[in-house]
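Numbering (my numbering), first residue to last: 41 to 638.
Below is the structure:
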């Protein structure tokens with residue numbers, strides 16, 4: 041297969057030359073510091089609108105706020121890239137601290153603006169939204185108004201924002217600093233290698249069972265060694281949130297994540313209810329896979345094991361070519377966008393030490409570009425991950441015709457776009473398999489994602505719920521966190537795995553980020569929701585691309601329930617909707633068992 045050659049490291053100089061020591065970045069930060077100061081003074085002088093005559097002033101303030109948001113996001117995305125590409129770059133931490141402080145300062149002023157707007161009388165509010173300039177912000181302004189009503193006074197919320205820099209975000213940064221100091225020594229192919237946590241995690245799917253077991257053991261030992269430090273970071277993050285909720289009079293710790301994801305609790309309950317009733321076949325799948333691996337029962341070290349030693353490996357260029365080939369079958373715009381991302385160095389994929397574990401996509405709104413981070417080692421799972429992150433970037437691209445304030449979509453629908461792109465690649469890989477063995481191996485990789493969404497992420501959700509319940513009563517020790525993790529894993533996996541990974545709570549970055557708690561269920565939502573979208577795409581072929589992009593554009597201006605009803609004609613508060621997607625996953629698991637039996 042003839043393939044183009046693409047850079048495996050990203051280009052960040054196009055944004056700010058010089059990395060964490062960039063003079064351009066420092067000038068950018070100084071510029072936006074000044075803009076924040078001016079905006080804050082204007083907000084001080086701003087009074088709650090008493091008539092529609094205030095519409096232009098409200099519009100002006102919104103435009104200024106929008107510009108500042110984009111500037112902060114540009115710098116924040118750059119900081120994220122610096123931190124991820126080299127965990128030893130201390131300058132990146134300095135940049136992150138600066139951006140966090142600026143975001144908190146702007147957040148205080150913006151919350152004050154929102155709260156003054158929230159006090160507007162209903163009749164005046166309606167007249168404001170009739171203004172030609174403000175009309176397109178109806179959804180987001182209404183969301184601001186409702187959120188502001190739930191919060192404390194301007195002064196109190198301002199104090200919370202100011203204290204969050206060191207009292208909240210600081211704990212998330214401490215977690216990242218601790219992880220950056222960690223390294224694992226593992227023998228691979230007769231050579232002892234010193235690996236970052238991210239590199240070690242990639243070996244969980246190594247074809248050699250001894251390597252997998254050593255990785256599992258060494259990682260557990262590393263997280264165990266630092267468990268008391270990570271218990272501090274997690275407890276202080278959770279404690280900060282709960283204290284804030286209590287001051288605001290919020291009794292339910294699910295209020296923030298559900299509102300952040302613009303979804304009803306009934307939708308979440310329906311999704312987990314349908315999944316909980318459907319786990320038998322996935323338990324059967326894990327039991328069957330264990331036997332294929334020569335195990336009595338599945339163990340944690342081998343959940344990600346390949347079932348064949350001859351699983352196809354693709355170079356980075358070959359992986360890119362595979363993605364482009366199948367994106368083209370879905371739609372020309374998605375394929376052209378992905379090719380641009382590959383050609384212009386939007387992707388950091390190189391397998392090297394010092395990189396942060398995991399993967400992400402971040403947007404640079406002032407440049408209208410994205411950057412993708414991952415560590416590529418050649419597996420089809422890596423190819424699927426790359427497609428996943430390109431899906432995130434395409435979502436941002438699809439939203440370009442929208443006003444920047446109408447591009448701020450929630451995490452659950454963000455995962456819809458990424459998972460949709462991942463499915464295109466995963467399905468294609470299975471269909472193009474050269475043999476029955478390869479088809480089974482690729483199908484297993486596909487089913488493993490169902491295991492991740494229905495079992496692993498379910499265990500995270502269960503753990504986090506119980507952690508917050510216990511955190512209300514006081515500090516939760518590392519020992520107790522291990523127990524809660526073990527209980528959640530046993531429950532979510534239906535007893536299919538003999539042992540556990542008790543320090544998963546420490547190793548999973550998502551528990552320690554400061555963006556929003558419960559950074560777990562949106563992945564499962566996105567996975568299942570995207571199955572319905574993907575089914576439509578298969579029915580309509582390339583003609584569906586424009587409809588798909590229209591759906592993506594609506595993700596930022598309506599609730600998930602409204603989105604599903606408008607574009608799919610479905611009620612997602614019912615288990616019946618979620619079962620449609622789960623049934624497709626069950627078919628994959630059953631087909632895998634059939635192919636590998638006898």
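C-beta atoms are modelled at their ideal positions from N, C-alpha and C, and glycine is treated no differently.
Quick one: Cα of residue i to Cα of residue j, how far?
i           : j           : result
residue 117 : residue 450 : 17 Å
residue 102 : residue 174 : 9 Å
residue 411 : residue 403 : 6 Å
residue 294 : residue 504 : 10 Å
residue 424 : residue 406 : 29 Å
residue 41  : residue 354 : Per-residue confidence for residue 41 stands at a pLDDT of 48, beneath the threshold of 50, marking its modelled position as unreliable; no derived number is given.
residue 468 : residue 572 : 17 Å
residue 305 : residue 316 : 16 Å
residue 209 : residue 133 : 12 Å
residue 472 : residue 619 : 28 Å
residue 325 : residue 629 : 6 Å
residue 56  : residue 579 : 44 Å
residue 242 : residue 555 : 26 Å
residue 291 : residue 280 : 15 Å
residue 28  : residue 549 : There is no way to answer for residue 28, as the model of the chain reaches only from 41 to 638.
residue 434 : residue 377 : 7 Å
residue 445 : residue 113 : 12 Å
residue 136 : residue 142 : 10 Å
residue 130 : residue 53  : 18 Å
residue 330 : residue 519 : 29 Å
residue 525 : residue 499 : 8 Å
residue 222 : residue 601 : 42 Å
residue 217 : residue 637 : 47 Å
Using only alpha-carbon positions, find the residue among the options that is nearest to residue i.
i           : options            : result
residue 694 : 332, 544, 626      : Residue 694 lies beyond the range of the chain shown here (41 to 638); nothing can be said about it.
residue 477 : 395, 631, 380, 440 : 631
residue 300 : 215, 153, 334, 453 : 453
residue 270 : 282, 296, 214      : 214
residue 80  : 595, 167, 148      : 148
residue 557 : 242, 282, 217, 272 : 282
residue 126 : 50, 93, 146, 65    : 50
residue 385 : 240, 360, 393, 372 : 360
residue 380 : 437, 346, 330, 422 : 437
residue 648 : 198, 196, 165, 203 : The structure shown does not extend to residue 648, since the chain is modelled only from 41 through 638, so no value can be given for it.
residue 341 : 612, 138, 91, 258  : 258
residue 510 : 289, 252, 275      : 275
residue 495 : 120, 163, 536, 146 : 536
residue 181 : 574, 390, 373, 168 : 168
residue 591 : 442, 296, 61, 212  : 442
Give the C-beta separation of residue i and residue j to the nearest angstrom, bearing in mind that I take them to be a contact with Cβ-Cβ under 8 Å.
i           : j           : result
residue 205 : residue 158 : Incorrect: roughly 25 Å between the Cβ atoms, too far for contact.
residue 439 : residue 593 : 6 Å
residue 383 : residue 401 : No, residue 383 and residue 401 are not in contact; Cβ-Cβ is about 17 Å, not under 8 Å.
Kindly indicate the opening and closing residues of the beta strand (DSSP E) around residue i.
i           : result
residue 411 : 409-413
residue 403 : 400-404
residue 234 : 231-235
residue 76  : Per DSSP, residue 76 belongs to no beta strand (DSSP E); it is in the alpha helix (DSSP H), 63-85.
residue 226 : 224-228
Between which two residues does the alpha helix (DSSP H) holding residue i run?
i           : result
residue 331 : 320-332
residue 504 : 497-511
residue 537 : Segment: none, residue 537 is in no alpha helix (DSSP H) and carries neither H nor E.
residue 630 : 615-635
residue 200 : 194-207
residue 150 : 130-158
residue 428 : 420-438
residue 552 : Unbroken run through residue 552: none, as it is neither H nor E.
residue 45  : Careful: residue 45 lies outside any alpha helix (DSSP H) and carries neither H nor E.
Tell me whether the segment 228-243 and the segment 393-402 touch, counting them as touching only if at least three CB pairs, one residue from each stretch, are closer than 8 Å. Touching, yes, given that three or more Cβ pairs across the two stretches are closer than 8 Å.
Okay, do the segment 161-181 and the segment 81-99 touch, 3+ Cβ pairs below 8 Å being the bar? Touching, yes.
Specify whether the segment 531-541 and the segment 580-595 touch according to this definition: at least 3 beta carbon pairs, one from each stretch, less than 8 Å apart. Between the segment 531-541 and the segment 580-595, the count of C-beta pairs closer than 8 Å stays below three; the two stretches do not touch.
How do the segment 478-485 and the segment 358-373 stand: do at least 3 beta-carbon pairs fall below 8 Å, yes or no? Fewer than three pairs of CB atoms, one per stretch, sit closer than 8 Å, so the segment 478-485 makes no contact with the segment 358-373.
Would you call the segment 525-535 in contact with the segment 244-257, where contact means no fewer than 3 C-beta pairs closer than 8 Å? The segment 525-535 is not in contact with the segment 244-257.
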